[in-house]
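Just so we're aligned, residue 485 is where the sequence shown starts under the numbering used here, counting upward by one.
Here's the structure we're looking at; comments come further down.
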Amino acid sequence: MTSGDMPRPLSDIERGVIARLLAVPFPGRDELRAQLPFATVEGQCRCGCATVNLVVAHTAAPAPVLSGAPVSADLSDGEFYAGVVLLVDGQGYLSCLETYSIGDEPVRQFPPVEQINARPQR
485 MTSGDMPRPL SDIERGVIAR LLAVPFPGRD ELRAQLPFAT VEGQCRCGCA
535 TVNLVVAHTA APAPVLSGAP VSADLSDGEF YAGVVLLVDG QGYLSCLETY
585 SIGDEPVRQF PPVEQINARP QR
């Protein structure tokens, strides 16, 4: 992760992607939603993908999540398989908005929020 010009506020698209992921119900979702105004970006992935490390002020309540990756979404278009995962640390705070791809090309930017179909982990 690189940390130039960090920490910084979430971009509008990062905030929108997280909000979209948190639109589906799962245990701890409401607490994670309440953390969003307190979240900042503390680093970005060096490979050039859109992944960002998050830090949340602990004035926000922790979430009682059952998984470190409680929600994700596929970003596939038929030819390119990719996705995004929201990660939570062991204390119950947002920690990373991670993109992944199967293939040589990383996900360099998030798609429009309306194209994200979130699903909770089982």
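In this text, a Cβ means the ideal position worked out from N, Cα and C, and glycines have one as well.
Bear in mind the structure is a predicted one, so any value in this text is a computation, not a measurement.
Glutamate 563, DSSP secondary structure in three states: Glutamate 563 falls in the coil class under three-state DSSP.
Rounded straight-line distance, which links the Cα of leucine 494 to that of valine 525: Each residue's Cα considered, the two are about 6 Å apart.
Secondary structure of alanine 557, DSSP reduced to three states: In the three-state scheme derived from DSSP, where H, G and I count as helix and E and B as strand, alanine 557 is classed as strand.
Legend entry - Limits of the alpha helix (DSSP H) - the one that leucine 505 falls within: If you look at leucine 505, you'll find it in the alpha helix (DSSP H) that goes 496–505.
- By Cβ distance below 8 Å, which residues in the same chain neighbour asparagine 537 in space, the five residues on each side in sequence not counted? These residues qualify, in order along the chain: Met485, Val525, Glu526, Gly527, Gln528, Ser579 and Cys580.
query = With respect to the alpha helix (DSSP H) encompassing arginine 603, which residues constitute its N-terminal and C-terminal limits?
reply = Residue range 601–604 is occupied by the beta strand (DSSP E) that includes arginine 603, with no alpha helix (DSSP H) assigned at that position.
Identify the continuous alpha helix (DSSP H) that holds glutamine 519 and give its terminal residues. Per DSSP, the unbroken alpha helix (DSSP H) holding glutamine 519 starts and ends at 513–519.
Suppose you measure from the CA of alanine 523 to the CA of leucine 570; what does that come to, to the nearest Å?
In a straight line, the C-alpha of alanine 523 is about 13 Å away from that of leucine 570.
Does DSSP put glutamate 589 in a helix, a strand or coil?
-> Three-state DSSP puts glutamate 589 in coil, outside helix and strand.
ask   = Does DSSP put valine 597 in a helix, a strand or coil?
value = The answer is helix: DSSP assigns valine 597 an H, G or I state.
task: Return the residue from the list Val508, Pro548, Val555 and Ile502 that minimises the CA-CA distance to proline 596.
output: Ranking Val508, Pro548, Val555 and Ile502 by Cα distance to proline 596 puts Ile502 first.
Worksheet item: When you compare only the Cα positions, how much space is there between histidine 542 and aspartate 514?
Response: The alpha-carbon atoms of histidine 542 and aspartate 514 are separated by roughly 16 Å.
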